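Quick note, this note's numbering runs 35 ahead of the 1-based positions in the sequence shown. Notes for the one structure printed next.
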Amino acid sequence: MDLNAIRKDFPILKDGLVYLDNAATSLTPEPVLSAMLEYYRRYRANIHRGAHRLSLEATEKYDEARRRVAKFIGAREDELIFTKNATEAINLVALTLAWNRGDLVQVGPNEHHSNLLPWQRLARQGVKLEFRDNFDFGGKGVRLIAVNHISNVLGSQAPVERIAKEKGEALLLVDGAQSVPHIPISVKKLGCDFLAFSGHKMLGPTGIGALYMRHELMEKMEGAFLGGGEVMDASREGYKLAKGPQGWEAGTPNIAGAIGLAVACDYLSKLGMENVHRHCAELSAFTAEKMRGIRNVPIYGAENGIVSFNVKGMKPHDVSLLLDRKAHICTRSGHHCAMPLMKKLGVDGTVRASYYIYNTKEEAELLAKTVGEIAELA
């Protein structure tokens, strides 16, 4: 990858800013911004409703966006529902599966709150919930397995393909919020029934995400939200929803967001997801190698572009502040919406540096150097 060319698409990086908070949200390149502005400037209209030229063009662009995003994850276009983010996508599954009292949901050991709280709420309603610390999923009575593909804290990757082969009759939901931006994804190869991801972590805008749902399941289930834009027929006696994703997208969707996400997928595809993965993994491994020589700096995980660490004697928040003040390095501090994992690690939180396509080896060296200087203050 040509880092110099890539970085020119991100003018926010000027003036020495080192942005290492990509696991929270990535930056947005000029082509994505341009495509969204083109919608607002040239054919701003609603979709699937009007017969005028602006509505027809907006509809064409929105439907094309679905095709391109679906292709990015190896799915059919009629298997991809646009949502506002991965959190909403996961909640859609929790809200719309027909649950029976005693159904068992199994979750992984490193889950983000977004892939935990929806299942905990179901547990209040009679669904059973199990944590599987060793990714040993399956067994009698399991209705759903929910696991994050890549941990947003540790960067570790769950063996999703193995889980899919061993899951039996259980359904498999994969939280792809960290994996879809970083590694090549094929839902067919993964063997999952659902895949949730967010656009803002993969160069896209905020407020747009997607849920892959296996076609056979979508045909049997009904969306959680009902309203305009998804109705085939409605009367005083009842309603009939449209088939496919349109029956799941109530009201006016985030049209510009979908268009922007499609361009983000194209941008990443042009770079090559194998290259994206290699680049980010090399930076996290290089950072860990540099930081392991620093006293009083425990590292909790360093894979797939994510490095979580602490400086003994200092709060993660204070370390993150000092990184910004001393070297303009933006990191995340806290529990990263993964409190159960933090308790398992025996810490209140960590500092997390997370890399993406525009980050450099020089920035990784600067991070390690500055962490070393901060550790001397502790």
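Virtual Cβ for every residue (Gly too), placed ideally from N, Cα, C. Keep in mind the model is a prediction, meaning the values are calculated, not measured.
Item, Value
"Chain-order list of residues whose beta-carbon lies under 8 Å from that of residue 286 (same chain, five-residue window excluded)", "260, 262, 263, 264"
"Separation of residue 210 from residue 222, as counted between CA atoms", "12 Å"
"Endpoints, the alpha helix (DSSP H) within which residue 417 is located", "Past the boundaries of the shown model lies residue 417; the chain is included only from 36 to 413, so the question cannot be answered."
"Alpha-carbon spacing of residue 120 relative to residue 204, whole angstroms", "28 Å"
"Alpha carbon of residue 375 to alpha carbon of residue 145, nearest angstrom", "8 Å"
"Contact with chain B by residue 47, beta-carbon distance below 8 Å", "The chain labelled as chain B is not found in the depicted structure, where only one protein chain is given."
"Whole-number beta carbon distance between residue 240 and residue 63, since they are thought to touch under 8 Å", "6 Å"
"Inter-stretch contact (C-beta, 8 Å, three-pair minimum) for the segment 268-277 and the segment 157-176", "no"
"Of the listed residues 390, 189, 401, 202, nearest to residue 313 (C-alpha basis)", "390"
"Environment of residue 257 [buried if 16+ CB atoms lie within 10 Å]", "exposed"
"Integer-rounded CB distance, given that residue 190 should sit under 8 Å from residue 337", "6 Å"
"Whole-angstrom distance between residue 364 and residue 320, CA atom to CA atom", "18 Å"
"Runs of beta strand (DSSP E) lying entirely within the segment 119-171, each at least 3 residues, in chain order", "139-142, 163-166"
"For residue 228 and residue 198, the rounded distance between their alpha carbons", "12 Å"
"Exposed unless 16 or more other CB atoms sit within 10 angstroms - verdict on residue 74", "buried"
"Alpha-carbon spacing of residue 116 relative to residue 37, whole angstroms", "33 Å"
"C-alpha distance - residue 233 paired with residue 333, whole-angstrom precision", "30 Å"
"Three-state secondary structure (DSSP) of residue 374", "helix"
"Spatial distance of residue 132 from residue 155 (CA atoms)", "15 Å"
"N-terminal and C-terminal residue of the alpha helix (DSSP H) that residue 201 is part of", "195-201"
"Backbone CA spacing between residue 183 and residue 231 [nearest angstrom]", "9 Å"
"Identity of the residues DSSP links to residue 183 by a beta bridge", "210"
"Test item: CB-CB of residue 185 and residue 150 under 8 Å", "no"
"Whole-angstrom distance between residue 403 and residue 411, CA atom to CA atom", "13 Å"
"Buried/exposed call for residue 136, threshold 16 Cβ in 10 Å", "exposed"
"Those runs of the alpha helix (DSSP H) which lie wholly inside the segment 71-112 and span at least 4 residues", "88-107"
"First through last residue of the alpha helix (DSSP H) which encompasses residue 406", "396-410"
"The segment 282-300 / the segment 84-103 touching (three or more Cβ pairs under 8 Å)", "yes"
"Same chain, Cβ closer than 8 Å to residue 168, neighbours up to 5 away in sequence not counted", "144"
"Among 47, 335, 360, the one whose alpha carbon lies nearest that of residue 384", "335"
"Nearest to residue 71 (by Cα), restricted to the options 381, 345, 311, 299", "299"
"Sheet register partners of residue 192 (DSSP bridge)", "185"
"Length of the line joining the Cα atoms of residue 301 and residue 103", "8 Å"
"Closest residue to residue 174 among 206, 158, 157, 193 (Cα-Cα distance)", "206"
"Where residue 221 falls: helix, strand or coil (DSSP)", "coil"
"Backbone CA spacing between residue 345 and residue 392 [nearest angstrom]", "25 Å"
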